[in-house]
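In this note's numbering, the protein residues as written are 26 to 195.
The C-beta atom is built at its ideal place from N, Cα and C for all residues, glycine as well.
Source: prediction; values computed, not measured.
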C-alpha cells in the first residue's frame, strides 16, 4: 500500500534485509554505515555553490570515520573529487585504501590545505553516545576551527550534517 519505504536505523543489515524482501524500493535514510540522503543534500549544495564539475574540487573530511565519512568516500569515487580525511587513530573509515582519490592525512590542517569544502560531523554518532567522553578526549585535535579554515581556500564552504556542538567538533 506504499510506493516506497525510507528507513533510518542503527543497522545497515536491517535495510538490506528489508530491501531484499520488499516489493517496493527501499531508501536508506541513515544507518550505522552510510548517510546517503544527507550526502545527496550536500552534493546538491556543492553543485549550487561550486558548480557541477566535481573533479576540480578538493574536500576535507575532519573527524570520525563514520557513516557520513563513508558516504563521502563513495561520492568521491563516483563523482571524481579529491577527498582528504583526517581522523584520530582508531577512528579511521574502512575501505579507504581501495579508493584512489581518497587519502588519510595526519591532521586537520593538512586535510584542509587548499580545500574547497571542509566537512565534519558529531564526534559521537547515533549509537556511540555511551562513548561520548572518551571520544571528546580522542578528537580534541580534530576540531574545525579558524586555524583549520584558514588553511582552506578563501571561498571554501563549511558543512556539517547537524546538530553541531560548538566547542567540540566545530
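Look at the Cβ atom of residue i, then the Cβ atom of residue j, and state whether they are nearer than 8 Å.
i	j	result
residue 97	residue 87	no
residue 186	residue 104	no
residue 141	residue 178	yes
residue 33	residue 58	no
residue 43	residue 52	no
residue 176	residue 138	yes
residue 184	residue 70	yes
residue 145	residue 194	yes
residue 95	residue 108	no
Any C-beta of chain B sitting closer than 8 Å to the C-beta of residue i?
i	result
residue 95	No chain B appears in the structure shown, which is made up of a single protein chain.
Can you say whether residue i is buried or exposed, counting buried as having 16 or more other CB atoms within 10 angstroms of its CB?
i	result
residue 162	exposed
residue 89	buried
residue 208	In the structure displayed, the chain extends from 26 to 195; residue 208 sits before or after that span and is not available.
residue 160	buried
residue 27	exposed
Specify, as a first and last residue, the run of the alpha helix (DSSP H) that residue i falls within.
i	result
residue 137	133-137
residue 66	61-75
residue 174	171-176
Note the first and the last residue of the continuous beta strand (DSSP E) segment covering residue i.
i	result
residue 103	Segment 92-104 is the alpha helix (DSSP H) holding residue 103; no beta strand (DSSP E) there.
residue 128	127-130
residue 189	Careful: residue 189 lies outside any beta strand (DSSP E) and carries neither H nor E.
residue 121	No beta strand (DSSP E) holds residue 121; DSSP gives it neither H nor E.
residue 55	51-55
Segment contact flag, the stretch 109-129 with the stretch 60-67, C-beta cutoff 8 Å, min 3 pairs: With a cut-off of 8 Å on Cβ pairs, the stretch 109-129 is not in contact with the stretch 60-67, counting fewer than three such pairs.
Check whether the stretch 128-148 and the stretch 161-170 are in contact - that is, three or more C-beta pairs closer than 8 Å. Yes, the stretch 128-148 touches the stretch 161-170.
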